[in-house]
Ligand code: SF4
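Numbering (the working numbering), first residue to last: 304 to 656.
What follows is the structure, given as structure tokens:
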């Protein structure tokens, strides 16, 4: 009976190690060999088994028969004048996903995707406009970090935010083991406090993240301080109304951040600031104001810079901590889903002319 090869990159490090130990026992090889391979998955990644030259050649052949290490294909790499880089990867079935690498002093934050497309159709979001394609597998989420570490010279993450394409809590089955890979010393070894999962407020996911023993961070995309407006901007609010999301955030025993995209004339008035501050106080949240990426807002206008500062002051006056996120990568379409939309758009243009 032939069994299909095991994808080591879909497994949390402890499970990968267990699978390798079984194989090496069958090969009649010492167990330290399993740890040698384990290190080449994430810690010091190898592009394939052939590159693991610390192993005897005959053993590498056996590993190829037993295991696979699927790669993501880098289709586009764009670099911004501010150092931000955006990567478009093509997956085995032709789907495209994006990853953004944002340098800031000695930090390098990767914004990773968890789904191809997204089903939640937020009114201002380019990814939402393209609809849901499918969930990503573990090796496709963690693989974004691995692929950048495999570049020459490597681009290595110190911080991770799940703010790329998709809603991570709708793909918790793959996101949870990915968190283990990112954080584990047998994985990328990134501190849990440096890994943020961002959600529109999918309650089961918030609870599941809170149950993890590590100090992973939670960010909630609020974007509107009351149900009436939020429902218009974010259809998911019907299923998870604001009061329930705030209650789940209050029950989450670590610091929570509110993400709030500033939409000119829509959610940026004084009354919105007061309401938002009261929601934030209810769960001791820190508020992050996000300037809308020009051209990324699907018919929405960015709030003027001065007005964003005014809005921040109103919130601060209510006793809530607030920051304005710096816009990065403005010249390389670094808004969520934008590069993929542009590529698909170009392809459509080509096929219709
Ligand atoms: S903002 Fe996030 S949850 Fe909403 S449509 Fe875009 S990717 Fe999906």
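Idealized CB from N, CA, C, for every residue including glycine.
Exposed unless 16 or more other CB atoms sit within 10 angstroms - verdict on residue i
i: residue 469; result: buried
i: residue 689; result: With the chain covering only 304 through 656, there is no way to say anything about residue 689.
i: residue 465; result: buried
i: residue 501; result: buried
i: residue 353; result: exposed
i: residue 530; result: exposed
i: residue 654; result: Any reading at residue 654 must be qualified, since the residue scores a pLDDT of 31, below 50, and its modelled position is unreliable; no value is offered.
i: residue 356; result: exposed
i: residue 320; result: buried
i: residue 364; result: exposed
i: residue 361; result: exposed
i: residue 510; result: exposed
i: residue 535; result: exposed
i: residue 450; result: buried
i: residue 306; result: exposed
i: residue 322; result: buried
i: residue 553; result: exposed
i: residue 336; result: buried
i: residue 612; result: exposed
i: residue 541; result: exposed
i: residue 651; result: Confidence at residue 651 is low in this model, with a pLDDT of 37, below 50, so the placement of that residue is unreliable and no value is reported for it.
i: residue 443; result: buried
i: residue 514; result: exposed
i: residue 522; result: buried
i: residue 384; result: exposed
i: residue 388; result: buried
i: residue 580; result: buried
i: residue 597; result: exposed
i: residue 401; result: buried
i: residue 607; result: exposed
Beta-ladder partner(s) of residue i, from DSSP
i: residue 500; result: 465 and 521
i: residue 412; result: 405 and 462
i: residue 420; result: 435
i: residue 562; result: 524 and 591
i: residue 400; result: 392
i: residue 310; result: 371
i: residue 627; result: 592
i: residue 658; result: Since the first residue shown for the chain is 304 and the last is 656, residue 658 is missing from the structure and cannot be characterised.
Run of the alpha helix (DSSP H) containing residue i, from where it starts to where it stops
i: residue 377; result: Unbroken run through residue 377 is the beta strand (DSSP E), 376-382; no alpha helix (DSSP H).
i: residue 479; result: 475-486
i: residue 441; result: 441-452
i: residue 491; result: It is not in any alpha helix (DSSP H) - residue 491 carries neither H nor E in the DSSP assignment.
i: residue 320; result: 316-330
i: residue 543; result: Taken as a continuous stretch (DSSP letters only), residue 543 belongs to no alpha helix (DSSP H), as it is neither H nor E.
i: residue 338; result: 335-342
i: residue 658; result: The first residue shown for the chain is 304 and the last is 656, placing residue 658 beyond what the model contains.
i: residue 508; result: 506-514
i: residue 578; result: 573-585
i: residue 387; result: Careful: residue 387 lies outside any alpha helix (DSSP H) and carries neither H nor E.
i: residue 455; result: Segment: none, residue 455 is in no alpha helix (DSSP H) and carries neither H nor E.
i: residue 531; result: 530-536
Pair within 7 Å by beta-carbon distance, residue i and residue j
i: residue 315; j: residue 560; result: no
i: residue 549; j: residue 584; result: no
i: residue 404; j: residue 538; result: no
i: residue 628; j: residue 593; result: yes
i: residue 415; j: residue 447; result: yes
i: residue 462; j: residue 412; result: yes
i: residue 614; j: residue 571; result: yes
i: residue 475; j: residue 508; result: yes
i: residue 375; j: residue 390; result: no
i: residue 610; j: residue 562; result: no
i: residue 399; j: residue 478; result: no
i: residue 625; j: residue 631; result: no
i: residue 575; j: residue 528; result: yes
i: residue 366; j: residue 312; result: no
i: residue 454; j: residue 350; result: no
i: residue 427; j: residue 589; result: no
i: residue 526; j: residue 569; result: no
i: residue 517; j: residue 495; result: yes
i: residue 299; j: residue 345; result: Because the chain spans 304 through 656 in this model, residue 299 falls outside it and cannot be assessed.
Proximity test, Cβ basis, 7 Å: residue i and chain B
i: residue 330; result: Considering every chain present, this structure includes no chain B. It has just one protein chain.
(request) Specify which residues have a beta carbon nearer than 5 Å to any heavy atom of ligand 1, listing them in chain order. (result) 421, 423, 425, 428, 430, 431, 470 and 503
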